[in-house]
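Just so you know, the sequences run in chain order A and B. Take the first sequence: its position 84, counting from 1, is numbered 84 in the working numbering, and each next residue is one higher. One gets the working numbering by counting positions in the second sequence from 1 and adding 140 to each. Yeah, the Cβ is synthetic: ideal placement off N, Cα and C, and Gly gets one too. A short worksheet on the structure shown next.
2 protein chains.
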Amino acid sequence: MERIVRKYRGKGFKLTPQRIAILKFLEGNTSHPTAEDIYTEIKKRYPTVSFATVYNTVQVLRDKGELLEITIDPARKHFDPNPAPHHHIMCTGCGRIGDVFVDYSAALNLPDEVTSQFTTTGNHIDFYGVCNACRTKNIN
Amino acid sequence: MERIVRKYRGKGFKLTPQRIAILKFLEGNTSHPTAEDIYTEIKKRYPTVSFATVYNTVQVLRDKGELLEITIDPARKHFDPNPAPHHHIMCTGCGRIGDVFVDYSAALNLPDEVTSQFTTTGNHIDFYGVCNACRTKNIN
DNA sequence: TTACTAACTTAGAATAATTCTATTATAGAA
DNA sequence: TTCTATAATAGAATTATTCTAAGTTAGTAA
Chain A
1 MERIVRKYRG KGFKLTPQRI AILKFLEGNT SHPTAEDIYT EIKKRYPTVS FATVYNTVQV
61 LRDKGELLEI TIDPARKHFD PNPAPHHHIM CTGCGRIGDV FVDYSAALNL PDEVTSQFTT
121 TGNHIDFYGV CNACRTKNIN
Chain B
141 MERIVRKYRG KGFKLTPQRI AILKFLEGNT SHPTAEDIYT EIKKRYPTVS FATVYNTVQV
201 LRDKGELLEI TIDPARKHFD PNPAPHHHIM CTGCGRIGDV FVDYSAALNL PDEVTSQFTT
261 TGNHIDFYGV CNACRTKNIN
């Protein structure tokens, strides 16, 4: 019995071969892949896999709290298999996305004009920057 | 001469009637409209206006630093005519977006494993919550 | 004031991301 | 082993956004 199967069985969704392949690809993956990235990878082993399967699976995983959907890139969604709340930084040059594992919640006090209108439940920070590779490129 | 024209002329883009209508609609607008919201509004006065004009205009305004593009809603882009850096809070019930005019930058120190990889240039916080209207609805 | 042209508007086609549908297949419960 | 709810698939549909080609115009400069 595979480790992935052990980890995810009994969570309320079926573990099909395609899903196991998606879970394996995502396991420990810090590249923040898009749906197309996942599709391209799974297609190598399951050439008939469809986008519907990829989208269905990431939706199930999101709903079960096993995956985060990231909105930092205005062009498309990225996914993060680490469901622990954390933040992200995107390189404005190449689009690479990195993780920021710091909880800033204690510092993020909201003004009265906001707390009087909303009950806050969470926060996510998008940091923007330039990665080393892109900075080097621009210097030369 | 209208105030909008006075404010935006000489900024490097032509002020057409459609653009003036868009700028008027956006002026002081805190509803964070989508492209469709803008299109629907401008269509009232200019029935032949096209989506291309709306998208072209918001792109020009974004490039000129007169408008922010907001990614807090995974479903579609929203626009904010206040270009001063600030943050947003979205109601997870109805999708309403509010502004948060606090600069938290001083508190957002990044760990070494991030600063060694990225030179940070900015940040934007997505707060999530429930607005009063939605909270009341759920109680009843 | 007029003439000019780069920039703009428009309708509609194209693209890209995502979702839906109908059908067939299967994981996992009984 | 059987059964059925759930999932996979191909492909159509939908939605957001961008592109294209043709006609129009804002704003510059004579």
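Note that the region 187-197 of chain B touches the region 157-170 of chain B; at least 3 beta-carbon pairs, one per stretch, sit closer than 8 Å. In the displayed model, residue 79 of chain A falls within a strand according to three-state DSSP.
Less than 9 Å divides the Cβ of residue 165 of chain B from the Cβ of residue 181 of chain B. For residue 207 of chain B, there is no enclosing alpha helix (DSSP H), as DSSP marks it with neither H nor E. For residue 204 of chain B, the closest Cβ of chain A is not nearer than 9 Å. Our two residues, residue 154 of chain B and residue 235 of chain B, have alpha carbons roughly 33 Å apart in a direct line.
By the 16-neighbour rule on beta-carbons within 10 angstroms, residue 123 of chain A is buried. With fewer than three CB-CB distances shorter than 8 Å, the region 210-219 of chain B does not count as touching the region 245-257 of chain B. DSSP, reduced to helix, strand and coil, places residue 259 of chain B within a strand of the structure shown. At a cut-off of 9 Å between beta-carbon atoms, residue 258 of chain B makes contact with chain A. In the three-state reduction of the DSSP assignment, residue 243 of chain B falls in the coil class. Nearest to residue 84 of chain A by alpha-carbon distance, out of A:132, A:9, A:135, A:64, is A:64. Here residue 269 of chain B is buried: its Cβ has 16 or more other Cβ atoms, across all protein chains shown, within 10 Å.
In this structure, the CA atom of residue 142 of chain B is about 13 Å from the CA atom of residue 167 of chain B.
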